[in-house]
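Chemist: This is the structure I have questions about; it appears just below.
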Amino acid sequence: MTAPLRFAAAIPGWHNAAACRHADPGLFFGPDGESDDGRSRRERRAGHICAGCPVRAACAQWADEHQPRAGIWAGVSHDRWTAEHRRENDRARKARQREVAA
Ligand code: SF4
Numbered sequence: 024m025t026a027p028l029r030f031a032a033a034i035p036g037w038h039n040a041a042a043c044r045h046a047d048p049g050l051f052f053g054p055d056g057e058s059d060d061g062r063s064r065r066e067r068r069a070g071h072i073c074a075g076c077p078v079r080a081a082c083a084q085w086a087d088e089h090q091p092r093a094g095i096w097a098g099v100s101h102d103r104w105t106a107e108h109r110r111e112n113d114r115a116r117k118a119r120q121r122e123v124a125a
């Protein structure tokens, strides 16, 4: 996959071994106004590429650390990364509140 220019500066070296390196970027970054069905089909196709990627773990770690605002990373859409990140922040905040209250 060749990432859109807005991401190019942030792509780390492990991406040279990525299964998506030569894939259609349109599979990983959907167009504005995409239908739900189209998005599902596109994300499924991208997910199949990610499933066999040798650098999937590095990609997942990168996405977790950088919280990209678009795209599919390690087979997961940025929406799901964001939602998971929010849940982790909530869990950490509640754990801190419990520590303070104890
Ligand atoms: S896991 Fe998917 S998005 Fe990440 S580098 Fe591999 S193919 Fe690309």
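Basically my numbering = 1-based index in the sequence shown + 23. Idealized CB from N, CA, C, for every residue including glycine.
According to DSSP, is V78 helix, strand or coil?
Modeler: In the sequence shown, counting from the first residue as 1, residue 78 sits at position 55. If DSSP states are grouped into helix, strand and coil, V78 belongs with coil.
Chemist: When the Cα atoms are used, what is the spatial distance from H101 to I72?
Modeler: Against the sequence shown, residue 101 aligns to sequence position 78. Against the sequence shown, residue 72 aligns to sequence position 49. Distance between the alpha carbons of H101 and I72 is about 16 Å.
Chemist: Using the Cα positions of G49 and R119, report the straight-line distance between them to the nearest angstrom.
Modeler: Within the sequence shown, the letter at position 26 stands for residue 49. Within the sequence shown, the letter at position 96 stands for residue 119. Computed Cα separation, rounded: 41 Å.
Chemist: Return yes when the C-beta of R65 is under 7 Å from any heavy atom of ligand 1, and no when it is not.
Modeler: By one-based count along the sequence shown, residue 65 stands at place 42. Checking every heavy atom of ligand 1 against the Cβ of R65, none is found closer than 7 Å.
Chemist: Going by DSSP, what residue range makes up the alpha helix (DSSP H) through R92?
Modeler: The residue given as residue 92 occupies position 69 in the sequence shown. Element bounds for R92: n/a, residue is neither H nor E.
Chemist: Excluding the five sequence neighbours on either side, which residues of its own chain have a C-beta within less than 8 Å of the C-beta of A40, listed in chain order?
Modeler: Indexing the sequence shown from 1 puts residue 40 at position 17. The answer, listed in chain order, is P77 and V78.
Chemist: Just confirm the distance between the C-beta atoms of A86 and W96, as a whole number of angstroms; I'd bet it's less than 8 Å.
Modeler: Stepping through the sequence shown from its first residue, residue 86 is reached at position 63. Stepping through the sequence shown from its first residue, residue 96 is reached at position 73. Rounded, the Cβ-Cβ distance is 4 Å, consistent with contact.
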